[in-house]
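> For the sequence shown, position 72 matches number 72 in full-length UniProt numbering, and the numbering has no gaps at all.
Think of the CB as a built atom: it goes at the ideal place given N, C-alpha and C, for glycine as much as any other residue.
First the structure, which I've put down as structure tokens, then a few questions once you've had a look.
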Amino acid sequence: MEVLQTLYHELISFLGIGQLLEMYKTGDYKALLTFNGVLTAVSPVIPFLLLLEIGRALVYKRFKVEDYKMPFFIFVLNRFIGRFISIAAIAFCIGLFEKLALFHTTFTWYWLIYGYIVWEFSHFIYHYLGHKVRIFWCLHSTHHAPQNMNLFVSHAHFFLEGPYADVIRTTICILAGVNPPLLFFIMFIDGFWGAFIHVGENLLPDGRLGFLNKIILTPSAHRVHHARNPLYMDTNFCNLLNIWDKVFGTFQYEKKEVAIEYGITRQLNPNNLLDVYFGEFYYLWKDIRKAPGIKNKFLYIIMPPGWSHTGDHKTANIVKAAYQQEEQQKAQQQAAEQTAVLPLETSQAV
Ligand SMILES: [Zn+2]
Ligand SMILES: [Zn+2]
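The structure is reproduced here in structure tokens:
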């Protein structure tokens, strides 16, 4: 019975409907008029969309257990270990850095705009490092392992990634003067939007959201981020506002002619939890072991994925540059062929 009760509580918590059920039981809906009440009402939206997404996939016979299985296992694993470390990390950083803040802000709409821009910057830093520093890629790659996109992918994270992300983001925001209640509100919006941008093609085939694609980071832009195509690699690190990707030149629109291929570039067994969760650690360890000298061993830890002590690098930047050169050559060749054909056609016409 106890097991059933635990499962029931887990389900209610996952669906985010605990407080709404409480209101229903007591018949007291006044809380919905408060700020916290509004947040309570918004919480079930993403779980509801996830169920809708699974439902649609079932109806159209596109549902594949393997699309959801691995993110679900990881979600269960993180439920037990990841969440508490993350909460502790946030509290620790606030306590440590609040007195060192440059200045202090309050909970107003204009500080919300300021706070969100700072938050997005801190998110960019954490996420950029997650892709460009090999040891951090070991933590982040679990999120990039799924070979399909759906709302459950937002739960697929290595359990230490949350605390590491929160240490960087909280530290930057608190030092920049973002007040803690404002920070928690921003985290709430970020969590909501960060989950929504993982909506799959089953529920939202075109993720560009019309004109919004130009001003915010849409599901389409995040699908690009999850792609392993050379053109799309290491782009779109932001979460809601795409300003920092535009500032640092990492923004990339989804191109109709370049179909997204989800996943990471190395051979991976997406159905093997050990490979998805620890695979990158294993390959890093292998590289460190074979590297000559302490300096090379250390460089493997901090250099981007694909860096090699032999000089034969296969980093995202190098793969992308080779792709762009190839594309340029193709375009030049096509242009040359057209100009070669043109006089012939003209002379025939004459
Ligand atoms: Zn990423
Ligand atoms: Zn993602």
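Taking D67 as the reference, which of Y253, K25, L299, G263 has the closest Cα?
Indexing the sequence shown from 1 puts residue 67 at position 67. Nearest C-alpha to D67: G263.
> In the DSSP assignment, the alpha helix (DSSP H) including I189 goes from what residue to what residue?
Reading the sequence shown from its first residue, position 189 is the one you call residue 189. 180-196 is the extent of the alpha helix (DSSP H) around I189.
> Which value, in whole angstroms, describes the spacing of the CA atoms of Q147 and H104?
Walking along the sequence shown from the start, residue 147 turns up at place 147. Walking along the sequence shown from the start, residue 104 turns up at place 104. Spanning the two alpha carbons is a distance of roughly 43 Å.
> What did DSSP end up calling residue 351 once you bin it into helix, strand or coil?
Given that the chain is displayed from residue 1 to residue 350, the structure contains no residue 351 and the question cannot be resolved.
> Using a Cβ-Cβ cut-off of 7 Å (strictly less than) and excluding sequence neighbours within five positions of I17, which residues of its own chain qualify?
Start at 1 with the first residue of the sequence shown, and residue 17 comes out as number 17. P44, listed in sequence order.
> Look at the alpha carbon of F196 and the alpha carbon of V319, and state the distance between them as a whole number of angstroms.
Taking the first residue of the sequence shown as 1, we reach residue 196 at position 196. Taking the first residue of the sequence shown as 1, we reach residue 319 at position 319. Roughly 30 Å between the two C-alpha positions.
> When you compare the stretch 327-340 with the stretch 250-267, are there three or more beta-carbon pairs, one atom per stretch, that lie closer than 8 Å?
no
> Just the C-alpha distance for V241 and I216, rounded to the nearest angstrom, thanks.
Taking the sequence shown and counting its residues from 1, one reaches residue 241 at position 241. Taking the sequence shown and counting its residues from 1, one reaches residue 216 at position 216. With the sequence shown as reference, residue 241 is identified as Leu, and Val is not the correct amino acid for it. Cα-Cα distance, rounded: 5 Å.
> How many Å lie between T218 and L204 at the Cα?
As a position in the sequence shown, residue 218 is number 218, starting the count at 1. As a position in the sequence shown, residue 204 is number 204, starting the count at 1. Their Cα atoms are separated by approximately 11 Å.
> What's the gap between the Cα of G177 and the Cα of D206?
Position 177 of the sequence shown, counted from the first residue, corresponds to residue 177. Position 206 of the sequence shown, counted from the first residue, corresponds to residue 206. The straight-line gap from Cα to Cα measures roughly 38 Å.
> Within 8 Å: the Cβ of H143 and any heavy atom of ligand 1?
Position 143 of the sequence shown holds residue 143. Under cutoff, so the answer is yes.
> Do you know how far the Cα of L299 is from the Cα of V199?
Locating residue 199 in the sequence shown gives position 199, counting from the first residue. Locating residue 299 in the sequence shown gives position 299, counting from the first residue. Approximately 37 Å, taken between the alpha carbons.
> Can you tell me whether DSSP reads I17 as helix, strand or coil?
Here residue 17 corresponds to residue number 17 of the sequence shown, with the count starting at 1. In the structure shown, I17 sits in coil (DSSP, three-state: anything other than H, G, I, E or B).
> What are the start and end residues of the alpha helix (DSSP H) that includes S220?
Locating residue 220 in the sequence shown gives position 220, where the first residue counts as 1. Here the alpha helix (DSSP H) through S220 covers 219-225.
> Across which residues does DSSP place I216 in a beta bridge pair?
Here residue 216 is taken as the residue at index 216 of the sequence shown, counted from 1. In the DSSP output, where bridge partners are listed per residue, I216 has L241.
> What ranges does the alpha helix (DSSP H) occupy inside the stretch 98-140, keeping only unbroken runs of at least 4 residues that lie completely in it?
The stretch 98-140 contains these whole alpha helix (DSSP H) runs: 109-132.
> Please state whether DSSP places Y253 in a helix, a strand or coil.
Within the sequence shown, numbered from 1, the residue matching residue 253 stands at position 253. If DSSP states are grouped into helix, strand and coil, Y253 belongs with coil.
> With respect to 8 Å, is the separation between the Cβ of F237 and the closest non-hydrogen atom of ligand 1 below this value?
Position 237 of the sequence shown, counted from the start, is the residue given in the question as residue 237. Yes, Cβ of F237 sits closer than 8 Å to a heavy atom of ligand 1.
> Inspect the CB distances between the stretch 162-175 and the stretch 119-133 and report whether three or more fall short of 8 Å.
yes
> Below 7 Å CB to CB, which residues in the same chain sit around L39 once its five sequence neighbours on both sides are set aside?
One-based indexing of the sequence shown puts residue 39 at position 39. The residues are F188.
> What residue does the alpha helix (DSSP H) around L50 start on, and which one ends it?
The residue you call residue 50 lines up with position 50 of the sequence shown. Element bounds for L50: 45-59.
> Taking just the CA atoms, how far does F72 sit from H9?
Mapped onto the sequence shown, residue 9 falls at position 9. Mapped onto the sequence shown, residue 72 falls at position 72. Between H9 and F72, the C-alpha separation is close to 17 Å.
> Among residues of its own chain, excluding the 5 on either side of A316, which ones have a beta-carbon nearer than 6 Å to its beta-carbon?
In the sequence shown, the residue the question calls residue 316 occupies position 316. Here the set comprises M233, D234.
> Below 6 Å CB to CB, which residues in the same chain sit around P305 once its five sequence neighbours on both sides are set aside?
The residue you call residue 305 lines up with position 305 of the sequence shown. Excluding positions up to five away in sequence, the list reads R134, W137.
> How would you call D28, buried or exposed, if buried means at least 16 neighbouring beta carbons within 10 angstroms?
The residue you call residue 28 lines up with position 28 of the sequence shown. Exposed.
> Examine ligand 2 and report whether any of its heavy atoms sits within less than 8 Å of the Cβ of I197.
Here residue 197 is taken as the residue at index 197 of the sequence shown, counted from 1. Correct: I197 has its Cβ closer than 8 Å to ligand 2.
> Expressed to the nearest angstrom, what Euclidean distance is found between the alpha-carbon atoms of A322 and K314?
In the sequence shown, counting from the first residue as 1, residue 322 sits at position 322. In the sequence shown, counting from the first residue as 1, residue 314 sits at position 314. If you take the alpha carbons of A322 and K314, they lie about 10 Å apart.
> Which partner residues of Y262 appear in the DSSP bridge assignment?
Looking up residue 262 in the sequence shown gives position 262. In DSSP, Y262 forms a bridge with A227.
> Count the C-beta pairs between the stretch 148-160 and the stretch 289-297 that are closer than 8 Å, then say yes if the count reaches three, no if not.
no
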